[in-house]
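Q: Dropping a structure here in structure tokens format, bear with me for questions.
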Amino acid sequence: MQWLGLFFLTISCVVFAGDNLEIEVTSDNTISIDAYPADSDTLLLYLPSGRGLGKGYVATAQQLAFDDVNVWAADLHSSYMIAKYRSSVNRFSIDDLLELIAKAEEKSFKNIFFLSSGRGAQLALKVAYQWQLKNPKSRLLKGHIFHSPHLLEGKPALGSVAQYVNIARHSNLPIYLLLSQFGTKFLRGNEIVNVLKQGGSAVFVHRLTGVSGGFHMRRKKDLSKLDIKARADLANTYQNAMQLMKSTNIPKILTTEKDLNAATKVVLSASILQQYHGKQNMPLTLKTLEGKISDINDYKNQVLLINFWASWCKPCVAEIPSLVRLQAKFKGRDFKIITINIGESKDRILKFAKKVGLSLPVLLDNDGKVTKNWGVYAYPSNFLIDRKGVIRYGYRGALQWDKRSVVDTINSLL
Numbered sequence: 001m002q003w004l005g006l007f008f009l010t011i012s013c014v015v016f017a018g019d020n021l022e023i024e025v026t027s028d029n030t031i032s033i034d035a036y037p038a039d040s041d042t043l044l045l046y047l048p049s050g051r052g053l054g055k056g057y058v059a060t061a062q063q064l065a066f067d068d069v070n071v072w073a074a075d076l077h078s079s080y081m082i083a084k085y086r087s088s089v090n091r092f093s094i095d096d097l098l099e100l101i102a103k104a105e106e107k108s109f110k111n112i113f114f115l116s117s118g119r120g121a122q123l124a125l126k127v128a129y130q131w132q133l134k135n136p137k138s139r140l141l142k143g144h145i146f147h148s149p150h151l152l153e154g155k156p157a158l159g160s161v162a163q164y165v166n167i168a169r170h171s172n173l174p175i176y177l178l179l180s181q182f183g184t185k186f187l188r189g190n191e192i193v194n195v196l197k198q199g200g201s202a203v204f205v206h207r208l209t210g211v212s213g214g215f216h217m218r219r220k221k222d223l224s225k226l227d228i229k230a231r232a233d234l235a236n237t238y239q240n241a242m243q244l245m246k247s248t249n250i251p252k253i254l255t256t257e258k259d260l261n262a263a264t265k266v267v268l269s270a271s272i273l274q275q276y277h278g279k280q281n282m283p284l285t286l287k288t289l290e291g292k293i294s295d296i297n298d299y300k301n302q303v304l305l306i307n308f309w310a311s312w313c314k315p316c317v318a319e320i321p322s323l324v325r326l327q328a329k330f331k332g333r334d335f336k337i338i339t340i341n342i343g344e345s346k347d348r349i350l351k352f353a354k355k356v357g358l359s360l361p362v363l364l365d366n367d368g369k370v371t372k373n374w375g376v377y378a379y380p381s382n383f384l385i386d387r388k389g390v391i392r393y394g395y396r397g398a399l400q401w402d403k404r405s406v407v408d409t410i411n412s413l414l
């Protein structure tokens, strides 16, 4: 019977290959849609993140169409001829997307769900909110499916409490969150849920243990076995999510005088240590890889560099060699680098350390409590502490740690 299953799989890939729809709107823009038609009144509208749609969705869209769910993947970057970068979603026209929904309604769709990830979640929330304001009696929109949504306002400073975009607090549609363990939003799941609930949304959380962030978008050759399995299950996961949200009560939308379409520009930091202005005197007591207890107070009268990292974080991996070289430069002096791994197993860390030559001390923040207490929202994050235990400098992101300016700064604290 295996040949029969293969036959139907081949037929489904042919029948349900994406149709290219070009939908013209009154602004004279044309929105390009990769469409997967089905014989139903349910539409899953896929909006891109800042990095675009990727290609990972195609097999899932084919399976959904085979199972009678229509899928429209809106290629907005190509439609507006906008490069793919973090905040590119802020340049897409909300009015055009509202008209896109109206045209979908004209095609007799009665249930529309949004699917997106990263900053694309902000775009989906804005479009849904504006549709509800303009069409108060409409019951067309049924909910959102978000992979690791990025809802932070701007770029949170180290040691601060992050603010969330206004639109996140004004959603009333049900939301189904998919949070991959190896992604920055996993540890912030409860925080994200509490923000989204403020507008009345019912929020359902699906945690994907052992799965990498962006698994639904990336090339198959870059995925682990668990990633591949999770992606193979996505069509079923999405269908279950849609059924759950269809049966969920939607409260009245909250109105506000705030500009919910406002977007803050993401400003990139210069690649130099930044003066630190966040909270001080945070506790830090964690186990080492050897199972011993390590406390920050064990390093009194020394200059410390605290580095938060994870092996799945490419910028973290990129800066590790320079951290190792930096420690070597200060061998025998009162300067120590302490690395804190976020939420990974001992075996995974040991294999990674052997592979990349990580010889620095590693502390284990298994539950992410220290990471959250220290106001870390992005990896890597780094804190440079003087002999008195005062955090003097920080850097959010990867840095070339053994360059002259960094070495001079550390020398000034010794």
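Mapping of the sequence shown onto UniProt numbering: residues 1 to 414, in sequence order.
Note that beta-carbon positions come from the ideal geometry of N, C-alpha and C, so glycine has one too.
Do the segment 276 to 294 and the segment 322 to 334 touch if we need at least three Cβ pairs shorter than 8 Å?
A: no
Q: Leaving out five residues on either side along the sequence, give the residues of the same chain with a beta carbon under 7 Å from the beta carbon of S180.
A: For the purposes of this step, residue 180 is taken as residue 180 along the sequence shown, with counting starting at 1. Cβ neighbours of S180 beyond the five flanking positions: S148, F186, L208, V211, S212, G213 and F215.
Q: Which residues mark the beginning and the end of the beta strand (DSSP E) in which I33 is found?
A: The residue given as residue 33 occupies position 33 in the sequence shown. From DSSP, the beta strand (DSSP E) with I33 extends over T30 to Y36.
Q: By the three-class DSSP mapping on this structure, what secondary structure does A398 have?
A: Working through the sequence shown from its first residue, we reach residue 398 at position 398. Here A398 sits in coil by DSSP.
Q: Apply the 10 Å Cβ neighbour rule to S138 and answer buried if 16 or more other Cβ atoms are within range, or exposed otherwise.
A: On the sequence shown, position 138 is the one that residue 138 refers to. The residue in question, S138, is exposed, as its Cβ has fewer than 16 Cβ neighbours within 10 Å.
Q: Run through DSSP, which three-state label would P321 get?
A: Within the sequence shown, residue 321 is the residue found at index 321, counting from 1. If DSSP states are grouped into helix, strand and coil, P321 belongs with the helices.
Q: Please report the residue range of the beta strand (DSSP E) in which Q198 lies.
A: Translated into the one-based positions of the sequence shown, residue 198 becomes position 198. Here Q198 belongs to no beta strand (DSSP E), and DSSP marks it neither H nor E.
Q: Alpha carbon to alpha carbon, what distance is there between G343 and S116?
A: Within the sequence shown, the letter at position 116 stands for residue 116. Within the sequence shown, the letter at position 343 stands for residue 343. The straight-line gap from Cα to Cα measures roughly 25 Å.
Q: Let me make sure I understand the geometry here. Which of Q327, V317 and T288 has the alpha-carbon closest to that of L304?
A: Mapped onto the sequence shown, residue 304 falls at position 304. Nearest C-alpha to L304: Q327.
Q: Using only CA atoms, which one of N382, Q239 and Q302 lies nearest to L399?
A: Sequence index remark: in the sequence shown, residue 399 carries index 399 (1-based). Measuring from the Cα of L399, the nearest candidate turns out to be N382.
Q: Taking the beta strand (DSSP E) that K336 belongs to, which residues open and close that run?
A: Residue mapping note: residue 336 aligns to position 336 of the sequence shown, counting from 1. Where K336 is concerned, the enclosing beta strand (DSSP E) stretches over F335 to I342.
Q: Given a threshold of 16 other Cβ atoms within 10 Å of its Cβ, counted over all protein chains shown, does I340 qualify as buried or as exposed?
A: Within the sequence shown, numbered from 1, the residue matching residue 340 stands at position 340. Counting Cβ neighbours within 10 Å, I340 comes out buried, since at least 16 surround it.
Q: Using a Cβ-Cβ cut-off of 6 Å (strictly less than) and excluding sequence neighbours within five positions of A235, which residues of its own chain qualify?
A: Counting from one through the sequence shown, the residue named residue 235 turns up at place 235. Hits under 6 Å: T60, Q63 and L64.
Q: Less than 6 Å separating the Cβ of Q400 from some heavy atom of the ligand FMN?
A: This structure lacks the ligand FMN, and indeed carries no ligand of any kind.
Q: In the segment 45 to 78, which residue ranges form an unbroken alpha helix (DSSP H) of at least 4 residues, counting only runs that do not cross its ends?
A: 57 to 66
Q: Give the secondary structure of N411 by DSSP, where H, G and I count as helix, E and B as strand, and everything else as coil.
A: Against the sequence shown, residue 411 aligns to sequence position 411. N411 falls in the helix class under three-state DSSP.
Q: Please identify the residue among Y299, G200, S108 and Y393 whose C-alpha is closest to the C-alpha of residue 452.
A: The first residue shown for the chain is 1 and the last is 414, placing residue 452 beyond what the model contains.
Q: Just list the beta strand (DSSP E) runs in the segment 148 to 211, keeping only unbroken ones of 3 residues or longer that don't cross its boundaries, in chain order.
A: DSSP assignment within the segment 148 to 211 yields the following whole beta strand (DSSP E) runs of 3 residues or more, N-terminal first: 175 to 182.
Q: What number of angstroms, rounded off, separates the C-alpha of N249 from the C-alpha of P136?
A: Translated into the one-based positions of the sequence shown, residue 249 becomes position 249. Translated into the one-based positions of the sequence shown, residue 136 becomes position 136. For N249 and P136, the distance between alpha carbons rounds to 16 Å.
Q: At the level of alpha carbons, what is the spacing between F8 and L53?
A: Here residue 8 corresponds to residue number 8 of the sequence shown, with the count starting at 1. Here residue 53 corresponds to residue number 53 of the sequence shown, with the count starting at 1. For F8, the pLDDT reaches just 38, beneath the cut-off of 50, and the residue's location in the model is therefore unreliable, although a value from the coordinates is still provided. Going from the Cα of F8 to the Cα of L53 covers about 27 Å.
Q: Using beta-carbon positions only, say whether N194 and P251 come within less than 7 Å of one another.
A: On the sequence shown, position 194 is the one that residue 194 refers to. On the sequence shown, position 251 is the one that residue 251 refers to. No. Outside cutoff.
Q: Closer than 8 Å by C-beta to H206: which residues in its own chain qualify, once you throw out the five before and the five after it? Chain order, please.
A: Taking the first residue of the sequence shown as 1, we reach residue 206 at position 206. If we look at H206 and ignore the five residues flanking it on each side, its Cβ neighbours are Y176, L177, L178, L179, T237 and A241.
Q: My assumption, with CB atoms under 8 Å, is that T288 sits in contact with P361. Please give the rounded CB distance.
A: Here residue 288 refers to the residue found at position 288 of the sequence shown. Here residue 361 refers to the residue found at position 361 of the sequence shown. Indeed, because the Cβ distance is near 7 Å, the residues count as touching under 8 Å.
Q: Taking the straight line between their C-alpha atoms, what separation do you get for K246 and V161?
A: Sequence index remark: in the sequence shown, residue 246 carries index 246 (1-based). Sequence index remark: in the sequence shown, residue 161 carries index 161 (1-based). One C-alpha to the other measures close to 34 Å.
Q: What is the DSSP secondary structure of R404, reduced to helix, strand or coil?
A: One-based indexing of the sequence shown puts residue 404 at position 404. DSSP places R404 in helix when its eight states are reduced to three.
Q: Comparing C-alpha positions only, which one of A318, I337 and D295 sits nearest to N307?
A: Against the sequence shown, residue 307 aligns to sequence position 307. Ranking A318, I337 and D295 by Cα distance to N307 puts I337 first.
Q: Please specify which runs of the alpha helix (DSSP H), each continuous and at least 4 residues long, are wholly inside the segment 86 to 153, giving them in chain order.
A: 94 to 106 and 120 to 134
Q: So, does the CB of G343 fall closer than 7 Å to a CB anywhere in chain B?
A: The structure shown contains no chain B, having only a single protein chain.
Q: How about N70 and L43: do their beta carbons lie closer than 7 Å?
A: For the purposes of this step, residue 70 is identified with residue 70 of the sequence shown, where counting begins at 1. For the purposes of this step, residue 43 is identified with residue 43 of the sequence shown, where counting begins at 1. For N70 and L43, yes; Cβs fall inside 7 Å.
Q: Using the DSSP secondary-structure output, state which residues sit across from E22 in a beta bridge.
A: Within the sequence shown, residue 22 is the residue found at index 22, counting from 1. The partner list for E22 (beta bridge, DSSP) reads S32.
Q: Cβ atoms of Y393 and P156: under 7 Å apart, would you say?
A: Reading the sequence shown from its first residue, position 156 is the one you call residue 156. Reading the sequence shown from its first residue, position 393 is the one you call residue 393. For P156 and Y393, no; Cβs fall outside 7 Å.
Q: From the DSSP secondary-structure annotation, give me the bridge partner or partners of L286.
A: Within the sequence shown, numbered from 1, the residue matching residue 286 stands at position 286. In the DSSP output, where bridge partners are listed per residue, L286 has S294.
Q: If you draw a straight line from the alpha carbon of K110 to that of S294, how long is it in whole angstroms?
A: Locating residue 110 in the sequence shown gives position 110, counting from the first residue. Locating residue 294 in the sequence shown gives position 294, counting from the first residue. Each residue's Cα considered, the two are about 58 Å apart.
Q: Is the distance from the Cβ of L151 to the Cβ of A168 below 7 Å?
A: Counting from 1 along the sequence shown, the entry for residue 151 is found at position 151. Counting from 1 along the sequence shown, the entry for residue 168 is found at position 168. Cβ distance < 7 Å, so L151 and A168 count as in contact.
Q: Could you check where the beta strand (DSSP E) with N281 kicks off and where it finishes?
A: The residue given as residue 281 occupies position 281 in the sequence shown. Note, N281: premise wrong, no beta strand (DSSP E); not H, not E.
Q: Using only CA atoms, which one of F182, D386, I391 and G291 lies nearest to S224?
A: Here residue 224 is taken as the residue at index 224 of the sequence shown, counted from 1. For the residues F182, D386, I391 and G291, the minimum Cα distance to S224 belongs to F182.
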